[in-house]
RNA sequence: GCCCCCAUCGUCUAGUGGCCUAGGAUACCAGGUUUUCAUCCUGGCGGCAGGGGUUCGAAUCCCCUUGGGGGUGCCA
C-alpha cells in the first residue's frame with residue numbers, strides 16, 4: 001500500500017475569475033484587474049480562474065489568447081483553473097460552451113422571459129435615430145415582443161436570422177447592485193431595454209454568457225473594471241430570471257491615461273500594453289508593485305513590496321473608489337529601484353539582447369568575456385529606468401572613443417595645468433600594475449594629491465580624456481573596466497588634441 | 001440626451017467629525033555625499049473644485065453647482 005501524503009492547499013470557497021477577451025493586446029488596465037483578482041484569491045485562499053471570453057468571433061484570435069497567457073505568466077499571475085490548466089468547471093473558453101448557453105436560452109424562451117427579434121440593423125438604427133430626434137432614449141421599442149407564429153414564419157422565410165432578446169420586467173423595478181467598493185448602486189429598469197442575449201449567429205452576447213459562466217463556475221466575487229458597472233443591472237435581471245443568486249460584485253475604478261481618459265492607445269501614453277513594458281526591460285515585480293498601488297493602499301506608508309507582502313496586506317476595503325492616472329514616471333522610479341536590487345545575472349541576461357541589438361556584443365564576446373560585461377552592466381544599472389536604456393550608457397566601453405563635443409573637450413584641456421594633469425595621469429596609469437577598481441581609485445587620489453590642481457581640474461579633464469564625455473559612471477570603475485592598454489591609448493589620443 | 005460612478009499637492013495616495021496650521025511617495029527645486037551625470041541623504045515647493053447647510057467643531061456627513069470618467073452595441 002502506497003499512501004501518499006501531500007500537502008493539500010486549504011482552499012476557501014472564494015472563487016474569482018479574470019475573464020479577458022482575446023481581441024487585442026492585453027493592456028495595463030486589464031492586467032491590473034487580473035492582479036486584483038489574483039491578490040484577492042491569494043489573500044483569501046481562494047481560487048483564481050482564467051476564462052477566455054471569445055464570443056466576438058470577428059475579433060477574437062488565438063494569438064491574442066496566447067499573449068494573455070504569456071504576459072500573465074511573465075508577471076507570475078498563475079491561475080488555479082482555466083484555459084491551459086483545466087479544472088472541474090470547464091471548458092474555460094466561451095466558444096466551447098455554446099451548448100451550455102443554448103440550454104438556458106431555451107429555458108428563458110420557454111418561460112417567455114426572452115423572445116426572438118427579427119429586426120435588421122438598419123431598422124434598429126432608424127429606430128434609434130427617430131428616438132433621439134424626439135429627445136427620447138435610444139432604446140429598442142419592443143417591436144418583436146408579440147410576434148405571431150405566422151409573422152415569424154414570414155420573416156424567417158424572407159431569410160431573416162433572428163436574435164434573442166431578454167424581456168424586461170413589465171413593471172418598473174429598481175435593481176440594486178450591491179458593490180463591495182462602490183456601495184449600493186441603484187438603477188431603474190426603465191433605463192434599460194430588451195437587450196440582445198443571443199446574436200444572429202447563434203452566439204450569446206457578453207451580458208448573457210457572463211452570467212451563465214459565473215454561476216456555473218460558482219464564482220463568489222466578480223471583480224472587474226468599473227466600465228462594467230452600468231451593465232450589471234442587466235446581468236442581475238438575468239440572474240433573477242433564472243432564479244439564481246448573484247455573486248458579490250466589486251467594480252474597480254478605471255486606470256486613466258495622462259489625458260484622464262480611459263487608458264488606451266489614444267490616451268497619450270507611449271505604452272499601454274503589458275508586452276511593451278516587458279520588451280523595454282521593466283521588471284515584473286516592479287510592474288506588479290506599481291499596479292498594486294493603483295487603487296489600493298496598505299495601512300502604513302510603505303510602497304516597496306514583494307508580491308508576498310502585497311498579498312498579506314491586501315484587502316478589498318482599502319481599494320479606492322476614484323480612478324487613477326497611470327504615471328509612468330513613478331513606475332520608472334520603482335523599476336529603477338528593482339533594477340538596482342536585482343540579482344546581477346538576471347539583469348545581465350535581460351541586458352544582453354539590447355546590447356546585441358545595439359551592436360555592442362555578439363555571442364562570441366558574451367561567452368568569452370561575460371565577467372567583463374557583468375562589470376559594465378553592474379556599473380551602469382544604477383542609471384537605468386528600464387533595461388533597454390542600457391544602450392545609452394555603454395558606448396564608452398566599446399570601440400573607438402568618440403568625443404561628445406570636441407570643442408568643449410579642447411576648451412577644457414586648454415585650462416592651466418591640464419596638460420600636466422593628463423601627462424601625469426598617462427604615465428602613472430601606465431606604470432600601475434593593479435587595475436582593480438580599488439587600486440585605480442587609490443592611485444588616482446594619489447595622483448591628484450601630487451598635482452598642483454584641485455578636484456575639478458583633475459577629474460573632469462580625466463573623464464573627458466578617457467571617455468570623451470562630460471559625465472558617466474564612476475571614473476575609477478571605468479578605468480578598471482577599460483584596462484591599462486585602452487586607458488593609456490585614450491589619454492594619448494586626447495593629449496594629441498592639444499599638442 | 002438619459003443613466004451610473006468619482007472629486008485631497010502635477011501624479012499615486014493616507015485621512016471615515018476634533019490627533020490636520022492635511023501625512024507619505026513620485027516629479028520638480030536647493031544643499032550635502034569634498035569631479036560631472038546618476039545613486040544616496042537632508043531640506044524646500046505644492047493640495048482638501050466651488051457654494052450652501054448639519055455641528056460647539058468638517059477634508060471627513062447632507063444638498064446643489066462645476067469638472068472628470070464610464071455606460072447607453074447582434075464589443076467585451
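Numbering (our numbering), first residue to last: 1 to 499.
The C-beta atom is built at its ideal place from N, Cα and C for all residues, glycine as well.
As the structure is a computational prediction, the values presented were derived from the model and not from experiment.
Item, Value
"What separation, rounded to the nearest whole angstrom, lies between the Cα atoms of residue 271 and residue 443?", "46 Å"
"I believe residue 307 touches residue 288 by the beta-carbon criterion, under 8 Å. Please report the beta-carbon distance rounded to the nearest angstrom.", "6 Å"
"Report the rounded CA-to-CA distance for residue 205 versus residue 197, giving the unit in angstroms.", "5 Å"
"Can you list, in chain order, the residues of its chain whose CB lies under 8 Å from that of residue 340, leaving out five sequence neighbours each side?", "381, 382"
"Using the three-state DSSP reduction, which class does residue 1 fall into: helix, strand or coil?", "Because residue 1 carries a pLDDT of 39, less than 50, the predicted location of this residue cannot be relied on, and the following value inherits that uncertainty. Looking at residue 1 - three-state DSSP - the assignment turns out to be coil, as it is neither helix nor strand."
"Are the CB atoms of residue 160 and residue 115 within a distance shorter than 8 Å?", "no"
"Leaving aside the five residues before and after residue 483 along the sequence, list all residues of the same chain whose C-beta is less than 8 Å from its C-beta, in chain order.", "435"
"Using DSSP with H/G/I as helix, E/B as strand and the rest coil, what is residue 324?", "strand"
"Expressed to the nearest angstrom, what Euclidean distance is found between the alpha-carbon atoms of residue 44 and residue 467?", "55 Å"
"For residue 179, name the three-state secondary structure that DSSP assigns.", "strand"
"Return the bridge partner residues of residue 27 from the DSSP annotation.", "273"
"When you compare each of 416, 106, 277 to residue 386 by their alpha carbons, which one comes out closest?", "277"
"Ordered along the chain, which non-local residues of its own chain (more than five positions away) have a Cβ less than 6 Å from that of residue 131?", "138"
"Contact between the segment 96 to 114 and the segment 59 to 76 is defined here as three or more beta-carbon pairs at a separation below 8 Å; is this criterion met?", "no"
"Verify whether the separation of the beta carbon atoms of residue 426 and residue 255 is less than 8 Å.", "no"
"Give a yes or no on whether the C-beta atoms belonging to residue 20 and residue 30 are separated by under 8 Å.", "yes"
"Using only alpha-carbon positions, find the residue among 188, 374, 173 that is nearest to residue 230.", "188"
"With distances taken between CB atoms, is the gap from residue 238 to residue 16 smaller than 8 Å?", "no"
"DSSP three-state call for residue 115: helix, strand or coil?", "strand"
"Is residue 87 closer than 8 Å to residue 81 when the C-beta atoms are compared?", "yes"
"Taking 8 Å as the threshold (C-beta atoms), are residue 195 and residue 165 in contact?", "yes"
"What is the DSSP secondary structure of residue 337, reduced to helix, strand or coil?", "helix"
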